[in-house]
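Notes for the one structure printed next.
Protein chains in written order, with the numbering used here: chain C, 521 to 985; chain E, 521 to 985.
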């Protein structure tokens with residue numbers, strides 16, 4: 521925009537204008553630099569693992585480039601050592617799961633496609649010097665078409681997309697270059713071994729230096745989403761029923777609590793990506809081998825269903841037609857109690873889930889919210905608002921009805937969390953409390969194996985589903 | 521599971537068991553094969569462009585591998601010709617936008633990083649044979665750390681993620697291999713020219729053979745989402761108010777209409793990806809250069825906001841506590857009319873938007889739904905349900921209140937669609953109708969430039985925002 525000429529600028533000479541532009545340049549440059557520095561600092565502070573990851577990539581690359589500097593190592597691989605460097609750049613990802621998935625895909629695909637490429641080359645040489653290119657080109661075409669189409673299968677895409685790509689790549693490289701270079705087998709072998717070295721270097725650096733486990737991220741993300749809903753319910757009661765009294769003071773505090781749930785609405789795709797990567801990860805820390813990652817998606821979906829209802833609740837906070845405060849006051853106590861108990865249930869669940877403790881302590885709050893819900897229902901039945909305008913009653917009544925539905929949602933989340941806790945053999949938090957509440961099938965089963973620390977059969981069955 | 525031994529199997533000899541297993545094998549193999557064939561057929565039928573894309577990849581690879589077969593071409597590039605093959609495999613994506621983005625990223629990054637790598641090599645040779653590896657390793661480390669961290673910036677990630685990766689790759693390749701190979705400049709040049717050839721081959725095949733424009737997909741996806749909501753509203757009135765009368769017959773037809781909106785809820789990330797790719801695409805067909813793709817995201821967000829409310833409406837279809845049919849009957853006419861008019865408005869908008877026609881014909885339906893809404897409000901004010909139980913009234917009342925809110929949502933969508941139609945200079949569909957309804961600022965402006973077919977300044981201004 522600075523290069524456009526305004527009427528004033530046109531009156532001054534081009535040299536003056538140029539000088540002005542040049543004078544402003546250092547300032548602009550400074551501003552821009554400061555902004556970049558600020559953003560960089562924020563990115564690093566938000567998640568310091570990003571800085572660590574960048575250093576890890578530098579470290580891995582420097583390590584692998586040693587192949588070039590040390591003569592004994594270089595003599596072993598020759599120019600192909602470059603493939604090791606290339607592999608590190610491409611394979612080393614932020615999380616262990618992604619790196620393992622890519623590394624495994626790359627190694628397996630190179631191995632299989634390399635072998636197939638050598639086979640295709642041998643077969644093609646039988647056709648003579650003239651027939652060879654035609655035969656090879658046909659093979660390349662067929663393999664490329666089949667593998668590219670396979671990448672559209674959703675299951676293949678989720679786990680083996682990169683492998684299929686590398687398969688096409690390696691098959692082409694090996695079979696096509698066989699036309700000019702007779703040492704195809706040597707080439708395929710070199711390519712595979714350098715990729716093996718590169719992948720292993722990436723994996724070692726990724727796992728040994730401050731590993732980022734994506735499974736842990738998924739676990740935390742699911743827990744945090746529950747907490748966000750919990751925060752909403754904690755703030756909602758006060759915000760809705762005291763909206764006219766002290767609007768400005770309380771809303772400042774509650775605003776962030778009330779808006780936190782919005783990110784839950786759109787968290788589906790990121791959770792699915794994380795679950796796909798997490799399945800590549802070996803057992804680590806509290807997460808055993810074959811940890812039921814798929815069940816996290818179920819909890820995530822139920823949390824999102826609850827978030828959709830929260831979105832509806834949130835609309836009533838900013839509704840044009842509001843129920844008069846005196847009418848709202850009549851259901852205030854029960855509604856606030858339901859909201860608070862829902863908040864406590866979610867936060868309790870989130871807190872024990874985060875620590876990977878198997879407990880049904882949240883059920884106390886769910887039961888308590890159900891009690892309040894019954895009171896609320898009775899209150900609604902007593903027609904205590906007979907003289908009021910129905911149009912004005914609707915918002916408050918809808919809020920009440922939504923709160924009743926949300927209890928069911930939270931109960932479903934609680935059941936899913938318990939299922940996961942059982943399948944993943946979380947350590948038991950309240951074995952003494954369990955026998956007191958034998959009101960569900962799951963609890964009945966939970967009682968039976970509350971003594972066994974690792975109910976492995978359960979894990980196997982549920983994962984097999 | 522087949523290898524597990526059941527008690528019966530244990531009684532028979534291992535040979536018998538082996539025979540049984542072998543006998544079952546062909547059947548199992550047939551079943552599996554049939555399933556794969558069925559799935560493949562479905563994938564191809566759902567989107568025949570997938571088959572075309574697979575054939576395109578095969579074609580492009582076969583074309584590029586010609587470099588190896590023809591001596592004059594091979595002499596020009598030598599073994600580096602492999603990089604062209606590699607580039608085609610990696611760059612050729614399903615859509616033109618993705619291919620252009622990747623190709624551009626790869627070419628630019630290779631060019632810049634290749635130059636920088638040569639520079640780094642020259643600088644390092646000044647340090648002597650012993651100092652060179654240390655200096656190069658330092659450079660590689662610094663570049664890798666900086667570029668990897670830059671990939672975390674959201675804006676960089678959206679557009680230049682692949683470029684940053686290739687930057688690290690090329691810089692490493694060129695600077696490191698300079699230690700063993702003195703012809704660094706030649707190598708960098710070869711690498712760049714082969715990548716240029718590979719990228720161009722991919723682009724030519726991608727654009728010239730049945731191109732898939734991701735911008736068109738985004739356009740269609742946004743339109744389809746509107747239609748899905750329209751379908752819901754079309755079916756909702758009948759389903760909710762006649763639920764008890766002819767539940768089984770009508771629900772079969774309406775079921776798919778009523779469930780279609782669910783995919784809208786989670787469409788955010790795919791729309792964002794499409795918009796990112798679409799920005800790489802040149803003008804094509806009705807989509808001009810600098811088509812305002814960002815505004816599609818705005819419409820998408822508003823449609824999703826509406827879908828959240830639809831989710832709330834849908835809950836009332838399967839609510840446990842239902843308002844008795846006779847009470848529902850009192851607001852049936854108005855609610856059905858609002859729902860139908862909303863459906864018509866959405867479908868009208870979707871239909872003209874799909875054809876890229878600029879018209880405000882949907883406003884007739886919005887106005888008509890507003891009229892019905894006013895009637896509904898009056899009806900709700902008359903307290904015509906005084907004797908009924910409030911708890912039973914709430915569901916129907918909430919449905920009515922949600923329908924009122926949805927009108928506002930649809931109005932917002934309509935405004936966003938008009939904004940886009942103006943910015944993208946859709947052709948005018950009802951210039952004669954416009955002057956009759958000068959009730960908004962946008963319409964006032966629309967009148968002024970209704971004669972100009974291409975109001976380019978608008979495009980520029982809105983894109984610059």
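Where a beta carbon is used, it is the ideal one built from N, C-alpha and C, also for glycine.
Which of helix, strand or coil DSSP assigns to residue i
i	result
residue 948 of chain C	strand
residue 811 of chain C	coil
residue 711 of chain C	helix
residue 880 of chain E	coil
residue 537 of chain E	helix
residue 960 of chain C	With a pLDDT of 39 at residue 960 of chain C, under the threshold of 50, the modelled position of this residue cannot be trusted; read the value that follows with caution. DSSP places residue 960 of chain C in coil when its eight states are reduced to three.
Pairwise C-alpha distance: residue j and residue i
i	j	result
residue 957 of chain E	residue 829 of chain C	Only weak support exists for where residue 957 of chain E lies, its pLDDT of 39 falling under 50; the value from the coordinates is given anyway. So the two alpha carbons sit approximately 37 Å from each other.
residue 538 of chain E	residue 545 of chain E	11 Å
residue 788 of chain C	residue 788 of chain E	10 Å
residue 495 of chain C	residue 820 of chain C	With chain C running from 521 to 985 in the structure shown, residue 495 of chain C is simply not present.
residue 799 of chain E	residue 813 of chain E	7 Å
residue 643 of chain C	residue 657 of chain C	13 Å
residue 607 of chain C	residue 779 of chain C	43 Å
residue 515 of chain E	residue 560 of chain E	Nothing about residue 515 of chain E can be read from this structure; chain E reaches only from 521 to 985.
residue 885 of chain E	residue 782 of chain C	31 Å
residue 977 of chain E	residue 752 of chain E	Caution applies to residue 977 of chain E, whose pLDDT of 30 falls short of 50 and renders its modelled position unreliable; the value that the coordinates give is listed next. Between residue 977 of chain E and residue 752 of chain E, the C-alpha separation is close to 38 Å.
residue 740 of chain E	residue 746 of chain E	10 Å
residue 945 of chain C	residue 878 of chain C	8 Å
residue 736 of chain E	residue 640 of chain E	44 Å
residue 757 of chain E	residue 834 of chain E	11 Å
residue 680 of chain E	residue 806 of chain E	27 Å
residue 688 of chain C	residue 794 of chain C	26 Å
residue 580 of chain E	residue 721 of chain E	7 Å
residue 665 of chain C	residue 651 of chain C	21 Å
residue 714 of chain E	residue 802 of chain C	40 Å
residue 582 of chain C	residue 723 of chain E	34 Å
residue 576 of chain E	residue 703 of chain E	36 Å
residue 477 of chain E	residue 948 of chain E	Only positions 521 to 985 of chain E appear in this structure, which leaves residue 477 of chain E out of reach.
residue 667 of chain C	residue 638 of chain E	37 Å
residue 853 of chain E	residue 836 of chain E	18 Å
residue 535 of chain C	residue 662 of chain E	41 Å
residue 540 of chain E	residue 554 of chain E	22 Å
residue 883 of chain E	residue 557 of chain C	49 Å
residue 863 of chain E	residue 822 of chain C	29 Å
Residue j beta carbon less than 8 Å from that of residue i
i	j	result
residue 784 of chain E	residue 855 of chain E	no
residue 759 of chain E	residue 841 of chain E	no
residue 866 of chain C	residue 749 of chain C	yes
residue 626 of chain C	residue 697 of chain C	no
residue 605 of chain C	residue 585 of chain C	yes
residue 893 of chain E	residue 914 of chain C	no
residue 874 of chain E	residue 910 of chain C	no
residue 934 of chain E	residue 876 of chain E	no
residue 896 of chain C	residue 754 of chain C	no
residue 621 of chain E	residue 712 of chain E	no
residue 618 of chain C	residue 734 of chain C	yes
residue 597 of chain E	residue 587 of chain E	yes
residue 818 of chain E	residue 936 of chain E	yes
CB contact below 8 Å: residue i versus chain D
i	result
residue 653 of chain E	Considering every chain present, this structure includes no chain D. Its protein chains are C and E.
Just checking, does the stretch 598–616 of chain C make contact with the stretch 567–581 of chain C on the three C-beta pairs under 8 Å criterion? yes
Within the chosen definition, does the stretch 708–720 of chain C reach the stretch 688–696 of chain C through at least 3 CB pairs nearer than 8 Å? yes
Extract the residue ranges of the beta strand (DSSP E) inside the stretch 709–765 of chain E, only unbroken runs of 3 or more that lie entirely within it. DSSP runs (the beta strand (DSSP E)) wholly in the stretch 709–765 of chain E: none.
Counting Cβ pairs closer than 8 Å, one from the stretch 846–865 of chain C and one from the stretch 834–854 of chain E, do we hit at least three? no
Segments assigned alpha helix (DSSP H), at least 4 residues, entirely inside the stretch 844–925 of chain E: 845–874 and 882–901
Please specify which runs of the alpha helix (DSSP H), each continuous and at least 4 residues long, are wholly inside the stretch 631–703 of chain E, giving them in chain order. Fully contained in the stretch 631–703 of chain E are the following alpha helix (DSSP H) runs of length 4 or more, in chain order: 648–670 and 674–697.
Can you confirm whether the stretch 547–556 of chain E touches the stretch 619–633 of chain C when touching is taken to mean that 3 or more C-beta pairs between the two stretches lie within less than 8 Å? no
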